[in-house]
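Everything in the sequence shown is counted per this note's numbering, starting at 1 for the first residue and increasing by one.
Beta carbons are placed, not taken as given, at the ideal position from N, Cα and C, and that holds for glycine.
Keep in mind that this is a model prediction, so the values were computed, not measured.
Remarks on the structure that follows.
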Amino acid sequence: MASKNKKDKGAPSRVAADNRKARHEFFIEDEFEAGLVLTGTEVKSLRGGQANIKESYAEEKDGELWLVNAYIPEFSHGNRFNHQPRRPRKLLMHKREIARLGGAVQRGGMTLVPLKVYFNDQGRAKVALGLGKGKKLHDKRETAKQRDWDRQKARLIKDLG
């Protein structure tokens, strides 16, 4: 029997920002985890839970991965050394993974979408990235229909059984 103190490896311990609309807008084919390079006031502000990653994306530039347009508000008790809320932030991944993701984005018309920003068990900020392809309007409607049918089917099975 597993100990109660052990957590699942890879499970986020504290989510700071969540992009719930990403799965509605994109077909997410693969997920990756990347470290996030932050300044001190950004970490304090992230722990407050006011970050927003809805309009953000990741891009590969000069062999490095960057998180663009993520909003981390200025720290309320920060001084003149406070950070810029929408500055590009470097993501930490292995070079081989970065090259593979960059190739997929260029060749296949894919997009790197941040799914959530969280702190792991060691207290380090991480980003869950999804490699996805944008959905068209009819795809979104089909997904909504399928989700409604699955709910209805579950209700029918529950009522019968």
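- Message: Among Leu156, Ala34, Asn19, whose alpha-carbon lies nearest the alpha-carbon of Trp66?
- Response: Stepping through the sequence shown from its first residue, residue 66 is reached at position 66. It is Ala34.
- Query: Which same chain residues, not among the five before or five after His83, have their C-beta less than 6 angstroms away from its C-beta?
  - Reply: Stepping through the sequence shown from its first residue, residue 83 is reached at position 83. So the list reads Thr39, Thr41, Glu42, once near-sequence residues are dropped.
- Task: Return the CA-CA distance between Ala16 and Leu160, expressed in angstroms with no decimal places.
- Result: Within the sequence shown, the letter at position 16 stands for residue 16. Within the sequence shown, the letter at position 160 stands for residue 160. Approximately 41 angstroms between the Cα atoms of the pair.
- Message: Between Ser13 and Asn120, how many whole angstroms is the CB-CB distance? I'm expecting something under 8 angstroms.
- Response: Taking the sequence shown and counting its residues from 1, the one referred to as residue 13 is at position 13. Taking the sequence shown and counting its residues from 1, the one referred to as residue 120 is at position 120. Confirmed, Cβ separation roughly 6 angstroms.
- Cβ neighbours of Ile157 in the same chain (closer than 8 angstroms, five flanking residues each side left out): The count along the sequence shown starts at 1 and reaches residue 157 at position 157. Nothing listed; no residue qualifies.
- Query: Would the beta-carbon of Leu115 fall within 9 angstroms of that of Asn52?
  - Reply: Counting from one through the sequence shown, the residue named residue 115 turns up at place 115. Counting from one through the sequence shown, the residue named residue 52 turns up at place 52. No, the Cβ-Cβ distance between Leu115 and Asn52 is not below 9 angstroms.
- Message: Within the continuous alpha helix (DSSP H) that includes Ile157, where are the two ends?
- Response: As a working mapping, residue 157 is identified with position 157 in the sequence shown. That run of the alpha helix (DSSP H) goes 137-160.
- Task: Would you list the residues sitting across from Pro114 in a DSSP beta bridge?
- Result: Within the sequence shown, residue 114 is the residue found at index 114, counting from 1. In DSSP, Pro114 forms a bridge with Leu129.
- Message: Going by beta-carbon coordinates alone, are Ile98 and Gly63 separated by less than 9 angstroms?
- Response: Locating residue 98 in the sequence shown gives position 98, counting from the first residue. Locating residue 63 in the sequence shown gives position 63, counting from the first residue. In contact: Ile98 and Gly63 (Cβ atoms closer than 9 angstroms).
- Please confirm if the region 130-148 is in contact with the region 19-32, defined as three or more CB-CB distances below 8 angstroms between the two stretches. yes
- Message: Under DSSP, the beta strand (DSSP E) around Glu165 begins and ends at which residues?
- Response: Not covered by the structure: residue 165. The range shown for the chain is 1 to 161.
- Message: Helix, strand or coil for Ala58? Go by DSSP, reduced to three states.
- Response: Against the sequence shown, residue 58 aligns to sequence position 58. Ala58: strand per DSSP, three-state reduction.
- Query: Can you check whether the CB of Glu74 is closer than 9 angstroms to the CB of Gly102?
  - Reply: Taking the sequence shown and counting its residues from 1, one reaches residue 102 at position 102. Taking the sequence shown and counting its residues from 1, one reaches residue 74 at position 74. The answer is no: Cβ separation not under 9 angstroms.
- Who are Leu67's beta bridge partners in DSSP? Working through the sequence shown from its first residue, we reach residue 67 at position 67. According to DSSP, which records beta bridges pairwise, Leu67 is partnered with Ala58, Arg89.
- Task: Would you mind working out which of Lys145, Ala128, Arg155 sits nearest Ala22, comparing C-alpha positions?
- Result: Counted from its first residue, the sequence shown places residue 22 at position 22. Ranking Lys145, Ala128, Arg155 by Cα distance to Ala22 puts Ala128 first.
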